[in-house]
Amino acid sequence: MKKNNIRVKFWGVRGSYPVANKDFLEYGGNTSCVELKIGNHRIILDGGTGIIPLGDKIFEEYVSSADNVYKRNPINVTVLLSHVHQDHIQGLNFFKPINVVSTKLSLFGYSGFDSSLDETLAELIYGKSFPINLYDINADCIITDMADSFVIVIDNDNERPILKRISSPDDLIPKKDEIIISALKSNSHPNYGVMCYKVAYKDKSIVYATDTEGYQGGSKRLELFAKDTDLLIHDSQYTTEDYLSNIFSKQGFGHSTFEMAYDCAKSANAKKLAFFHFDPSYNDKKLTSIEKIFKNKNENCFLAKEGLEICI
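Heads up: the sequence shown begins at 1118 in the working numbering, then just goes up one per residue.
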């Protein structure tokens, strides 16, 4: 990988709940998780079940770095949560690096509730629903609430990411080797909305927009947020037929159709579009047929698959 590239790897591309079935092997059955590697920095988008095999890989790298446990390369990761619905946090408990004392885990996200993000996670995935409490984990974990009036700055001079309030447009532009992560709050996902993220490095950017529902005429705020991005990863849970079904309409569920994602990418002039967050009932055959339709429209769009790795 070239020095200034962003490496993107998909570890979980499903929405709602994970699927284990032979007809779902090509695209995968794990829920939302995308890994970004930029230089020595690792950023993880969402903590669905896809974060479990990613954590296994990171743990293997840690163990193989040295025989002496005290000389091993410490794990340092940044996790961005779009929201706290189950399919975006259900893998966090089983993320192996949280069991390593030397791990530095910086977790940012949006709770949407009256309680803070750490209080919400402690209640939802630990405590009553797990054998240990959030505050019993071994890793040095800092959990921070994210708002779209702030950016996260990652650079080589600081061990941890820094949360900085936006005071001018210059704060959104990376300087030297900085990584700038900005956010857009979307209110289209019940009940409390969701955070979309933009990760910018050098002259490149990636926008992650899961669990967002399109509007008539398009989501202008998201289109502006994603303008000219190198890669837009966009929620594509439903076909238009399922979305508008007379039997069980999915309108108002907070998810987009493939057409909505395609139109957003086109309006934003995104260089590439990754369809993402597929309905768990859509098997490989159905998803392959959908991909063919959109590939005929534009070769620069594709359906995300578990294990797929691209460089931007």
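For every residue, glycine included, the Cβ atom is placed at its ideal position computed from N, Cα and C. All values derive from a computational prediction rather than experimental measurement.
**Message:** Less than 8 Å between the beta carbons of Thr-1195 and Gly-1167, yes or no?
**Reply:** Along the sequence shown, read from residue 1 onward, the residue named residue 1195 stands at position 78. Along the sequence shown, read from residue 1 onward, the residue named residue 1167 stands at position 50. Cβ atoms of Thr-1195 and Gly-1167: not closer than 8 Å.
**Asked** Leaving out the 5 sequence neighbours to the left and right, which residues in its chain are closer than 6 Å to Asn-1417 when beta-carbon positions are compared?
**Response** Along the sequence shown, one-based indexing puts residue 1417 at 300. Once the five neighbours on either side are set aside, the close Cβ partners of Asn-1417 are Lys-1389.
**Prompt:** Is the beta carbon of Asp-1435 less than 8 Å from the beta carbon of Asn-1273?
**Reply:** An answer regarding residue 1435 cannot be provided, because it is not within the stretch 1118 to 1429 covered by the chain.
**Prompt:** Quick one: what's got a C-beta closer than 6 Å to Pro-1360's C-beta in the same chain, skipping five residues either side?
**Reply:** For this step, residue 1360 is matched to residue 243 along the sequence shown. Sequence check: residue 1360 is Tyr here, not Pro. Closer than 6 Å at Cβ, skipping near neighbours: Lys-1367, Thr-1374.
**Prompt:** For Ile-1259, is the classification buried or exposed, using 16 other Cβ atoms within 10 angstroms of its Cβ as the cut-off for buried?
**Reply:** Within the sequence shown, numbered from 1, the residue matching residue 1259 stands at position 142. So Ile-1259 counts as exposed.
**Request:** Using a threshold of 8 Å, state whether the C-beta atoms of Met-1263 and Gly-1331 are closer than that.
**Result:** Counting from one through the sequence shown, the residue named residue 1263 turns up at place 146. Counting from one through the sequence shown, the residue named residue 1331 turns up at place 214. Cβ atoms of Met-1263 and Gly-1331: not closer than 8 Å.
**Request:** Figure out for me which residue from Gln-1207, Pro-1248, Ala-1326 has the closest Cα to the Cα of Tyr-1379.
**Result:** Here residue 1379 is taken as the residue at index 262 of the sequence shown, counted from 1. Among Gln-1207, Pro-1248, Ala-1326, the Cα nearest to that of Tyr-1379 is on Ala-1326.
**Candidates Lys-1292, Leu-1162, Arg-1338: closest to Asp-1320 by CA position** = Sequence index remark: in the sequence shown, residue 1320 carries index 203 (1-based). That would be Lys-1292, whose Cα lies nearest to the Cα of Asp-1320.
**Request:** Identify every run of the beta strand (DSSP E) within the segment 1294-1366, keeping only runs that are complete inside it and at least 3 residues long; order them along the chain.
**Result:** 1296-1303, 1311-1318, 1321-1326, 1348-1352
**Request:** Below 6 Å CB to CB, which residues in the same chain sit around Ala-1421 once its five sequence neighbours on both sides are set aside?
**Result:** The count along the sequence shown starts at 1 and reaches residue 1421 at position 304. Answer for Ala-1421: Phe-1127, Val-1130, Ala-1391, Phe-1393, listed in chain order.
**Request:** Identify which residue in Val-1180, Thr-1356, Gly-1165 has its Cα closest to the Cα of Phe-1212.
**Result:** The residue labelled residue 1212 in the question sits at position 95 within the sequence shown. Closest by alpha carbon: Gly-1165.
**Asked** Leaving out five residues before and five after Pro-1397 in sequence, what residues of the same chain have Cβ atoms less than 6 Å from its Cβ?
**Response** As a position in the sequence shown, residue 1397 is number 280, starting the count at 1. Arg-1131, Ser-1133, Tyr-1134, Val-1136, listed in sequence order.
**Prompt:** DSSP three-state call for His-1158: helix, strand or coil?
**Reply:** As a first step, residue 1158 must be located in the sequence shown, where it is residue number 41. Correct three-state label for His-1158: strand.
**Message:** Quick check on DSSP: helix, strand or coil for Lys-1388?
**Reply:** Locating residue 1388 in the sequence shown gives position 271, where the first residue counts as 1. Looking at Lys-1388 - three-state DSSP - the assignment turns out to be coil, as it is neither helix nor strand.
**Asked** Can the beta-carbon of Ser-1299 be found less than 8 Å from the beta-carbon of Val-1268?
**Response** By one-based count along the sequence shown, residue 1299 stands at place 182. By one-based count along the sequence shown, residue 1268 stands at place 151. Against a cut-off of 8 Å, the Cβ pair of Val-1268 and Ser-1299 comes out as a contact.
**Prompt:** To the nearest angstrom, how far is it from the Cα of Pro-1286 to the Cα of Val-1217?
**Reply:** On the sequence shown, position 169 is the one that residue 1286 refers to. On the sequence shown, position 100 is the one that residue 1217 refers to. Their Cα atoms are separated by approximately 39 Å.
**Prompt:** Beta-carbon separation of Ile-1283 and Asp-1347 under 8 Å?
**Reply:** Taking the sequence shown and counting its residues from 1, one reaches residue 1283 at position 166. Taking the sequence shown and counting its residues from 1, one reaches residue 1347 at position 230. No; because the gap between Cβ atoms is not below 8 Å, this pair is not in contact.
**Prompt:** Which one of Leu-1198, Phe-1247, Asp-1328 has the shortest CA to CA distance from Gly-1371?
**Reply:** Start at 1 with the first residue of the sequence shown, and residue 1371 comes out as number 254. Nearest of Leu-1198, Phe-1247, Asp-1328 to Gly-1371, Cα basis: Asp-1328.
**Request:** Could you pull out every residue in the same chain whose Cβ sits closer than 8 Å to the Cβ of Lys-1412, ignoring the five residues on either side in sequence?
**Result:** Position 295 of the sequence shown holds residue 1412. If we look at Lys-1412 and ignore the five residues flanking it on each side, its Cβ neighbours are Cys-1418, Phe-1419.
**Request:** Note down, one range per segment and in chain order, each beta strand (DSSP E) of at least 3 residues found wholly within the segment 1231-1283.
**Result:** 1257-1262, 1267-1271, 1279-1282
**Message:** Quick check: the Cα distance between Glu-1358 and Thr-1261, rounded to an integer number of angstroms?
**Reply:** Taking the first residue of the sequence shown as position 1, residue 1358 is located at position 241. Taking the first residue of the sequence shown as position 1, residue 1261 is located at position 144. Going from the Cα of Glu-1358 to the Cα of Thr-1261 covers about 39 Å.
**Asked** Are the beta-carbon atoms belonging to Val-1201 and Leu-1153 less than 8 Å from one another?
**Response** Within the sequence shown, numbered from 1, the residue matching residue 1201 stands at position 84. Within the sequence shown, numbered from 1, the residue matching residue 1153 stands at position 36. Not in contact: Val-1201 and Leu-1153 (Cβ atoms no closer than 8 Å).
**Prompt:** Among Ile-1160, Asn-1138, Ser-1303, Cys-1150, which residue has its Cα nearest to the Cα of Tyr-1318?
**Reply:** Locating residue 1318 in the sequence shown gives position 201, where the first residue counts as 1. Nearest option by C-alpha distance: Ile-1160.
**Distance CB(Phe-1225)-CB(Tyr-1309) smaller than 8 Å** = As a working mapping, residue 1225 is identified with position 108 in the sequence shown. As a working mapping, residue 1309 is identified with position 192 in the sequence shown. Going by C-beta atoms, Phe-1225 is not nearer than 8 Å to Tyr-1309.
**Helix, strand or coil at Thr-1127 [DSSP, three-state]** = Along the sequence shown, read from residue 1 onward, the residue named residue 1127 stands at position 10. It is worth fixing the name first, because residue 1127 is Phe in this sequence and not Thr. Reduced to three states, the DSSP call for Phe-1127 is strand.
**Request:** Compute the beta-carbon to beta-carbon distance between Asp-1253 and Leu-1301, rounded to the nearest angstrom, for a pair I have assumed lies under 8 Å.
**Result:** The residue given as residue 1253 occupies position 136 in the sequence shown. The residue given as residue 1301 occupies position 184 in the sequence shown. Wrong, their Cβ atoms sit about 34 Å apart, outside the cutoff.
**Request:** Kindly indicate the opening and closing residues of the beta strand (DSSP E) around Asn-1193.
**Result:** Here residue 1193 refers to the residue found at position 76 of the sequence shown. Per DSSP, Asn-1193 belongs to the beta strand (DSSP E) from 1193-1198.
**Request:** Using alpha carbons as the reference points, say which of Glu-1276, Tyr-1399, Tyr-1227, Asn-1363 lies closest to Tyr-1314.
**Result:** Counted from its first residue, the sequence shown places residue 1314 at position 197. Checked all of Glu-1276, Tyr-1399, Tyr-1227, Asn-1363; the closest Cα to Tyr-1314 is Tyr-1227.
**Asked** Taking C-beta to C-beta, are Asn-1250 and Ile-1215 nearer than 8 Å?
**Response** The residue you call residue 1250 lines up with position 133 of the sequence shown. The residue you call residue 1215 lines up with position 98 of the sequence shown. Contact flag unset, no.
**Prompt:** Nearest-angstrom Cα distance between Glu-1408 and Phe-1395?
**Reply:** Translated into positions along the sequence shown, residue 1408 becomes position 291. Translated into positions along the sequence shown, residue 1395 becomes position 278. Rounded to whole angstroms, Glu-1408 to Phe-1395 spans 12 Å at the Cα level.
**Message:** Checking 8 Å against the spacing of the C-beta atoms, do Thr-1324 and Ala-1343 come in under that value?
**Reply:** By 1-based counting over the sequence shown, the position of residue 1324 is 207. By 1-based counting over the sequence shown, the position of residue 1343 is 226. Sequence inspection shows Val at residue 1324; the Thr mentioned does not correspond to that position. Yes. Within cutoff.
**Same chain, Cβ closer than 7 Å to Asn-1415, five either side skipped, listed in chain order** = Start at 1 with the first residue of the sequence shown, and residue 1415 comes out as number 298. Result list for Asn-1415: empty, nothing under 7 Å.
**Item:** Gln-1354 classed as buried or exposed, judged by whether at least 16 other C-beta atoms fall within 10 angstroms
**Value:** For the purposes of this step, residue 1354 is taken as the residue at position 237 of the sequence shown. Under this definition Gln-1354 is a buried residue.
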